[in-house]
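Engineer:
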Amino acid sequence: MRPIFLGLLLSATMLAGPASTAPSAKTKWGGGEILWDSFGVPHIYAKTEAGGFYGFGYAQAQNHGDVLIHLFGEARARAAEYWGEKFADQDKWLIANDVPDRAAAWFKQQSPQMQKNLNAFADGVNAYAAAHPDKIDASVRQVLPITGVDVMAHAHRLMNYVYIASDRRVLADPSTNEAGGSNTWAVAPSRSASGKTLLLANPHLPWGATQLTYFEAQITTPTLKLYGATQIGLPVLRFGFNNDHGFTNTVNTMLGFTSYQLTLADGGYQFDGKVLPFKVKTLSYKVKQPDGTLKTVTFDQRTAVQGPVFDLPGGKTTIALKVAGLDRPGVLEQYLEMGKAQDWTAFQNALRKMQVPMFNITYADRAGHILYLDNGILPKHPNGDIAYWSKPVPGDTSATSWKDIHSYDDMPKVVDPASGFVQNANDPPWLAAWPRLLDPKDFPAYVAPAGPVSQRAQMSVKLMSMPGKVSFDDFVSRKLTTTSLMADRMLPELFAAAAGSADPDVQAAIALLKGWDHRFEADSRGALLFETWAGIFSPKNFTDQSNYAVKWTMDDPLETPRGLKDPAAAVEMLKQAVDKTKKLYGAVDRPFGDVSRFHIGDVNLPGNGGFGNTGVFRTITWGPMKNGERTPVHGETWVSMVEFGTPLKAVGMMSYGNASQPGSKHNSDQLKYLTSKTFRTLWFDRAEVEKNVEEVTNF
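The following block contains the structure:
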């Protein structure tokens, strides 16, 4: 155990004036303490709600200070001013969409308590930076001090202009997924061996994407007791549990923006038979030059009736952008209310506020209730499907201009199904329970695509549909499954197709694959070859179905796609895969973990887990080979598995560790659990926490 550090946290106002003029944190926010456990997880105990936010801000700054403060600088749309030209387009996008000014307006619309909470979180960040200036990189100190408006701006940017309407998604490719993927299960008492409810939270996000990095914490105040995780920079937990309930999120297909293709005319644009002039504002941002001086860049931002106007790449198409939810500033307070809820009624009341712009939400509680909700702020359209509304629609008519959004009652959901479980693996809502309870025909076609359902999602349903009741050990074991559903489905047919081949490479490959158990484990010798063949057979990240004999269908959603459309071609692809595998990995039978590594800093361990679209539930998206290895670019990040018994049982991990600050021992100390396919106990009760404390911070 490291020496215990005791000290009074400094108030944010000390950054601007003498210590004697500033109230202490204890006076201002009520006082409290942070017990840091041996994995760098802060357990925050505060005497007031705002004090919990203060401690959470301090804790995030201690473990992720450089990244955290950088994110607040970006949310101000001043990143190019602070760090140079490479952030100029990002700043321009945020300014053009009015993010900084709207964030300030949103802050004023928060309840007095929530304003106090956001200011407290910012004060906690500032206090850590003031107390430990040597721990914060010089390049980000210029952003300090942080304010509650900055916290609001970061949340607004992340939710509305990263998840929903990023510049890449709006201007380049509507199918761009900035958010990654996730898995979730909730099991009702009727299906669990203990008669207790079970909940899995398992978000998958990019490794190294700073604004999507997770942080694990516990917050205990008079109004809130919650253990969980959130993205750094957010002052509330987005995934959490306590003795009463738990909830988690997965990315869904929510289409929360509309692009309108404008017909230009006479310096304006056509709308309902008239030519309307653009409203034009001259806006600006600053760009730091190589010599340290600042260059002011001005631009004229046009606005149409639908929203701000942009020219798509190539210059031939001009669109106006309308984003849903810009009149709904309560995303952070809704998550807070979800965490405070003590029963299903209170949780559902929080959901009804409809302030969270997207994400499937899964819920479970001690009383036995489980929920899947296809949540989001979704515009109401008169017609059209999700493919239609994903692309620019005619902007010369008010017929396409929506005004209302769907209510909580409108959205697809499953509550307490007879099957005893709900699941989601970023699939559309239709297979949330099995047998299927939701029918796409009962909802507008723009709510979600009818399919296809990924093989990872199919594997998720299959794992939850296994006969018998689910013990906690079963729950954990199934979560750790590295078996490829695609291999189970396709290899027998490939073996049959290759039976008559005299090619020695093909026969050697078949022998290797017949000896493989279809799992992506460190010692698997056929996994690399199968993965390579699967990428040739089903390109576009294993999603192209053109080589299957039977494509995915809602009539048989758990057994399609299947079959070889052209068996001889599939065998030829295997021969290509042999050559490619040798070139990429040095041998066709190289152990999977030799080249697939969990490598952060000085920690370098054999990897396991595979691409989700090959039907692997334990998802790791491997990057390209570099220096003789490949490492995760996406996949397993935060995991919690909870059984709502007495006492509460909870295990989990943060794959890449709970800190990113240089020199922290907690930036790779949990990779050992990832490589061994085990979990650590999540210390929830204070008595457990106190047995595992490595540092204490008083405030």
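Okay, so the sequence shown: first residue is 8 according to the numbering used here, each after it adds one.
A virtual CB, placed ideally from N, CA and C, is assigned to each residue, including glycine.
#1: Enumerate in chain order the residues of its own chain whose CB-to-CB distance from Leu271 is below 7 Å, with the five nearest sequence positions on each side excluded.
#2: Give me the DSSP bridge partner(s) of His606.
#3: Roughly how many angstroms separate the alpha carbons of Ser266 and Pro456, rounded to a whole number?
#4: Sorry if obvious, but does the Cβ on Leu343 come closer than 6 Å to a heavy atom of the ligand ADP?
#5: Between which residues of its own chain and Trp540 is the CB-CB distance below 7 Å, once the five residues before and five after are set aside?
#6: Report the three-state DSSP secondary structure of Tyr415 (helix, strand or coil).
#7: Is His161 helix, strand or coil when you go by DSSP?
#8: Can you check whether the CB of Phe264 is closer than 7 Å to the CB of Val330?
#9: Which residues share a DSSP beta bridge with Thr688?
#10: Taking the Cβ atom as the reference point for each residue, do Ala160 and Ala110 lie within a distance shorter than 7 Å?
#11: Report yes if the CB atom of Ala195 is closer than 7 Å to the CB atom of Gly475, and no otherwise.
#12: Just the C-alpha distance for Gly247 and Arg693, rounded to the nearest angstrom, thanks.
#13: Nearest by alpha-carbon distance to Lys684: which of Phe618, Met660 and Pro107 is it?
#14: Tell me whether Thr28 sits in a helix, a strand or coil according to DSSP, three-state version.
#15: Should Gln362 go down as buried or exposed, given a rule of 16 or more other Cβ atoms within 10 Å for buried?
#16: Of the choices Glu701, Gln268 and Tyr555, whose alpha-carbon is the least far from that of Val400?
#17: What are the boundary residues of the alpha helix (DSSP H) that includes Phe479?
#18: Here's the rule: buried if 16 or more other CB atoms are within 10 angstroms of the residue's CB, otherwise exposed. What is Phe691?
#19: Is the beta carbon of Leu206 less than 7 Å from the beta carbon of Val649?
#20: Can the beta-carbon of Ala208 be found closer than 7 Å to that of Ser647?
#21: Alpha carbon to alpha carbon, what distance is there between Ala464 and Phe285?
#22: Taking the C-alpha atoms as reference points, what is the distance between Leu241 and Asp73?
#23: Using DSSP with H/G/I as helix, E/B as strand and the rest coil, what is Glu735?
#24: Is the beta carbon of Tyr221 sitting closer than 7 Å to the one on Thr644?
#25: Less than 7 Å between the C-beta atoms of Ala87 and Val338, yes or no?
#26: Compute the Euclidean distance between the alpha carbons of Pro364 and Leu301, then round it to the nearest angstrom.
#27: Can you tell me the Cβ-Cβ gap for Gln313 and Ser408, rounded? I've got them flagged as a contact below 8 Å.
#28: Going along the chain, which unbroken runs of the alpha helix (DSSP H) with 4 or more residues stay wholly within the region 106-132?
Structural biologist: Concretely, from the data shown:
#1: Same-chain partners within the cutoff: Thr325.
#2: Per DSSP, the beta-bridge partners of His606 are Asn611.
#3: Using only the alpha carbons, I get a separation of about 19 Å.
#4: Absence of the ligand ADP is noted for the structure shown, with no ligands found whatsoever.
#5: Here Trp540 has Met580, Leu581 and Ala584 as same chain residues with Cβ atoms under 7 Å from its own Cβ, once five neighbours each way along the sequence are excluded.
#6: Reduced to three states, the DSSP call for Tyr415 is helix.
#7: His161: helix per DSSP, three-state reduction.
#8: Yes, the Cβ-Cβ distance between Val330 and Phe264 is below 7 Å.
#9: Its beta-bridge partners are Val658.
#10: A Cβ-Cβ contact shorter than 7 Å links Ala160 with Ala110.
#11: Result no, Cβ atoms of Ala195 and Gly475 do not sit closer than 7 Å.
#12: Distance between the alpha carbons of Gly247 and Arg693: 17 Å.
#13: For the set Phe618, Met660 and Pro107, the Cα lying nearest the Cα of Lys684 is the one of Met660.
#14: Any reading at Thr28 must be qualified, since the residue scores a pLDDT of 31, below 50, and its modelled position is unreliable; the value itself is stated next. In the structure shown, Thr28 adopts helical secondary structure according to DSSP, grouped into three states.
#15: That one is buried.
#16: When only C-alpha atoms are compared, the closest one is Gln268.
#17: For Phe479, the enclosing alpha helix (DSSP H) begins and ends at Phe479 to Lys486.
#18: It is buried - the Cβ of Phe691 has at least 16 other Cβ atoms within 10 Å.
#19: Yes; because the gap between Cβ atoms is below 7 Å, this pair is in contact.
#20: Yes, they are a contact pair.
#21: Those two C-alpha atoms are separated by around 46 Å.
#22: Cα-Cα distance, rounded: 15 Å.
#23: Since the first and last residues shown for the chain are 8 and 706, residue 735 lies out of range.
#24: Between Tyr221 and Thr644, the CB-CB gap stays under 7 Å.
#25: Their beta carbons are not under 7 Å apart, which means Ala87 does not touch Val338 by this criterion.
#26: So the two alpha carbons sit approximately 36 Å from each other.
#27: Indeed, because the Cβ distance is near 6 Å, the residues count as touching under 8 Å.
#28: If only uninterrupted alpha helix (DSSP H) runs of at least 4 residues are considered, those enclosed by the region 106-132 are 106-116.
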